[in-house]
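**Q** Handing you this structure, nothing more for now.
Residue numbers (my numbering), protein chains in the order written: chain A, 6 to 321; chain B, 6 to 321.
Below you can see the structure in the form of structure tokens.
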């Protein structure tokens, strides 16, 4: 049976949205004697809810599906048999919280100074700079909180998920890539240097999404390697396409400011390779991702295949 | 034998400093093709090393000692028998990294806008605002990374430590307290509201330090409750004394800007209770902390007793 990626995504996204909503609210202090934590929670909710493609949660869930012994319609399952699905949802939402916090901090005046995100004013525009700083900090902590004892998964899995997420978020991952990005304004990078920057800045968390989904099951070394290569390829492809869209799409379609890389004098795949070669490179990475899945020996990779194609062929 | 708290602290602090140094460096990306991650690591090191009383790591280690079956001279032990001590050191350093990141972000212009910390220019003065933002973000991630699989402790312990740390750092802990603090500038708080703010802002992480140390051993419910009450009392006492020192000490002694709470029109224990009643309240909290230790049924609480007295009777 052919995969209906749209239906698959819609069913899981509904669960992801509901879970994010519940968990961000649940992070409020028990006693709210005055308004400030309520304001913090409001900023966190604003940063996380009603927006985004949720690519990372979908990758977690699809990777988990690929290593699961049997296919179960988890998104449609009743509350009573949701044990393993809740664990996967927690992993999916944890990655999304890290992604959301990084956007909040990236948009701040001392970083990209952006006022538009997902078609709405950015968090610091709406809640002030201090509010945005704290909301981002609290979202990062909440991501790790989601993965701990209440998660209903074996402790070894919790620890493994925390480890994957922490490494992908930190100085050897996303934050490190951001630092290279900051230092690269107005600098002519080689293609290798650009790849290194993006591997850290966006690739690390996308790859971690895949590996966190895989960590929810038991897999062979070959499957582990296959998913790792798949994650690396789509992580890079995502950024190449982002760079292409930054010059070819408009702000309304993107829901964020278009053309900002060029106006900030940042090196991009388009500035280094040109448009045509960038598009060809994205297709080459898609082929690499699909090959890695075939070599993984895993049988249920339809959804991962579909997500890879979606990453490369998206228009916003 | 009477406890020599100075010698105990000196021995452990040497290990903590060495461990922090090693772990912050180890967080660098493997391939440093250009300078930016090096700059990020430099900012992280600047924020963490050569400064601070390291109260939180000492609380972790003292609490661990209190629940350990036998007293071992871990700080003096050779590398080969350091397994459990390394686990405790990781917990100790993880808490310190969260504390260090919070100081970096608190000092930023959009928060307290402070230029002096531990007698040195603050991180954003030295590395720019974006550098400080990223260094803080990366330090938070590193804290959780320290607690994961390589830590050489059972997975259930890792998960428990991550949970305690994440809750204490997030919106129901430190970040939530910061948000109340921000919203309280120029607002007249009751003593109850002030206590609630400080329970979250500084108390949560100090209490978590004690509970993380305790989580490294097996303890009774009574001991658990006793250490929880001890942690709550010294957490609050720390802040009361901080508020007292803010008006009675000078910037050189404190290593940070004195009198800034009053100049920022922030509510403090001194502004709410006055100096004399604040000092009496700190002593009352010390008595509560010592009583909680006696009620815990734990035998090796000398160091925790000494640290409580140090918190209340410190002059900087």
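Even for Gly, the Cβ is constructed at its ideal location relative to N, Cα and C.
Just so it is clear, the structure is predicted and the values come from calculations on it, not from any experiment.
Does the structure place the segment 46–63 of chain B close enough to the segment 288–296 of chain B that three or more beta carbon pairs sit under 8 Å?
**A** With the cut-off at 8 Å, the segment 288–296 of chain B and the segment 46–63 of chain B do not touch.
**Q** Using beta carbons (cut-off 9 Å, strictly below), is residue 217 of chain A in contact with chain B?
**A** No, residue 217 of chain A does not count as interfacial toward chain B.
**Q** For residue 24 of chain B, which residues in chain A fall below 9 Å Cβ to Cβ?
**A** Within chain A, no residue comes near residue 24 of chain B; the closest Cβ sits about 17 Å away, beyond 9 Å.
**Q** Is there a C-beta anywhere in chain B that falls below 9 Å from the one on residue 113 of chain A?
**A** Yes, residue 113 of chain A counts as interfacial toward chain B.
**Q** Expressed to the nearest angstrom, what Euclidean distance is found between the alpha-carbon atoms of residue 289 of chain A and residue 317 of chain A?
**A** In a straight line, the C-alpha of residue 289 of chain A is about 10 Å away from that of residue 317 of chain A.
**Q** Less than 8 Å between the CB atoms is what I'm expecting for residue 283 of chain B and residue 255 of chain B, so what's the real figure, rounded?
**A** With 8 Å as the limit, residue 283 of chain B and residue 255 of chain B do not qualify as a contact, their Cβ atoms being about 18 Å apart.
**Q** Considering only DSSP beta bridges, list what residue 122 of chain B is partnered with.
**A** DSSP, once it has assigned bridges, lists B/125 as partnering residue 122 of chain B.
**Q** Anything in the segment 162–176 of chain A with a Cβ closer than 7 Å to a Cβ of chain B? List those residues in chain order, please.
**A** Listed by position along the chain: 163, 164, 165, 167, 168, 171, 172, 174, 175 and 176.
**Q** Alpha carbons only, please: which of B/73, B/88, B/93 and B/45 is nearest the one belonging to residue 63 of chain B?
**A** Here the closest residue by C-alpha is B/93.
**Q** How would you call residue 304 of chain A, buried or exposed, if buried means at least 16 neighbouring beta carbons within 10 angstroms?
**A** It counts as exposed.
**Q** For chain B, find out if any of its Cβ atoms is closer than 9 Å to the Cβ of residue 56 of chain A; answer yes or no.
**A** No, residue 56 of chain A lies away from the interface with chain B (no Cβ there is under 9 Å from its Cβ).
**Q** Which chain B residues are close to residue 46 of chain A, counting only those with a beta carbon under 7 Å from its beta carbon?
**A** Those are 176, listed as they occur along chain B.
**Q** Helix, strand or coil for residue 115 of chain A per DSSP?
**A** Note: residue 115 of chain A maps to coil in three-state DSSP.
**Q** Along the chain, where does the alpha helix (DSSP H) that runs through residue 61 of chain A open and close?
**A** 60–72 is the span of the alpha helix (DSSP H), which, as asked, contains residue 61 of chain A.
**Q** Closer than 7 Å between beta carbons: that is the criterion. Which residues of the segment 136–149 of chain A meet it against chain B?
**A** Those residues of the segment 136–149 of chain A that come within reach of chain B (Cβ to Cβ, closer than 7 Å) are 138, 139, 142, 143, 145, 146, 147 and 149.
**Q** Answer yes if the segment 204–221 of chain A comes into contact with the segment 90–107 of chain A, meaning at least three C-beta pairs across the two stretches below 8 Å, and no otherwise.
**A** Contact between the segment 90–107 of chain A and the segment 204–221 of chain A is present, because at least three Cβ pairs lie under 8 Å.
**Q** Compare the beta carbon distance of residue 227 of chain A and residue 136 of chain A with 9 Å and say whether it is the shorter of the two.
**A** For residue 227 of chain A and residue 136 of chain A, no; Cβs fall outside 9 Å.
**Q** Note down, in chain order, every chain B residue with its Cβ under 7 Å from the Cβ of residue 183 of chain A.
**A** Ordered by position in chain B, the residues that pass the 7 Å Cβ test against residue 183 of chain A are 139.
**Q** Determine the direct distance from the alpha carbon of residue 141 of chain A to that of residue 48 of chain A, and round the result to whole angstroms.
**A** Approximately 9 Å between the Cα atoms of the pair.
**Q** Output the distance between the C-alpha atoms of residue 98 of chain B and residue 108 of chain B, rounded to the nearest integer angstrom.
**A** Rounded to the nearest angstrom, the two C-alpha atoms are 15 Å apart.
**Q** What are the complete alpha helix (DSSP H) segments, minimum 4 residues, inside the segment 185–221 of chain A?
**A** Counting whole runs of 4 or more residues, the segment 185–221 of chain A contains the alpha helix (DSSP H) stretches 196–203 and 209–220.
**Q** Report yes or no: is there a C-beta of chain A within less than 9 Å of the C-beta of residue 133 of chain B?
**A** With 9 Å as the cut-off, residue 133 of chain B counts as an interface residue toward chain A.
**Q** Nearest by alpha-carbon distance to residue 66 of chain B: which of B/214, B/319, B/229 and B/56 is it?
**A** Cα-wise, what sits closest to residue 66 of chain B is B/214.
**Q** Beta carbon of residue 101 of chain A, beta carbon of residue 25 of chain A: below 9 Å?
**A** Cβ distance < 9 Å, so residue 101 of chain A and residue 25 of chain A count as in contact.
**Q** Give me the Cβ distance between residue 42 of chain B and residue 176 of chain A, rounded to the nearest whole Å; I'm assuming they're in contact under 8 Å.
**A** Sure, about 6 Å apart at Cβ, within 8 Å.
**Q** Here's the rule: buried if 16 or more other CB atoms are within 10 angstroms of the residue's CB, otherwise exposed. What is residue 8 of chain B?
**A** It is exposed - the Cβ of residue 8 of chain B has fewer than 16 other Cβ atoms within 10 Å.
**Q** Examine the Cβ distances between the segment 158–165 of chain B and the segment 180–192 of chain B and report whether three or more of them are shorter than 8 Å.
**A** Contact fails: fewer than three Cβ-Cβ distances are below 8 Å.
**Q** Interface residues of chain A around residue 110 of chain B at Cβ under 7 Å?
**A** Ordered by position in chain A, the residues that pass the 7 Å Cβ test against residue 110 of chain B are 138 and 142.
**Q** For residue 239 of chain A, which three-state DSSP category applies?
**A** Note: residue 239 of chain A maps to helix in three-state DSSP.
**Q** For a cutoff of 9 Å on Cβ pairs, would you count residue 221 of chain A as touching chain B?
**A** So no, residue 221 of chain A is outside the interface.
**Q** Does residue 9 of chain A come out as helix, strand or coil in the three-state DSSP assignment?
**A** Three-state result, residue 9 of chain A: coil.
**Q** Span of the alpha helix (DSSP H) holding residue 367 of chain A?
**A** With chain A represented from 6 up to 321, any question about residue 367 of chain A goes unanswered, as that position is not in the structure.
**Q** What does the alpha-carbon distance come out to for the pair residue 139 of chain B and residue 178 of chain A?
**A** Looking at the two C-alpha atoms, the distance is approximately 12 Å.
**Q** Please list, in chain order, the chain B residues whose beta carbon lies closer than 8 Å to that of residue 187 of chain A.
**A** Within chain B, the residues near residue 187 of chain A are 41, 135, 136 and 139.
**Q** Would a C-beta distance cut-off of 9 Å place residue 231 of chain B and residue 212 of chain B closer than the cut-off?
**A** No.
**Q** Suppose contacts are defined by Cβ-Cβ distances below 9 Å. Is residue 29 of chain A in contact with residue 147 of chain A by that definition?
**A** Yes, these two residues count as a Cβ contact at 9 Å.
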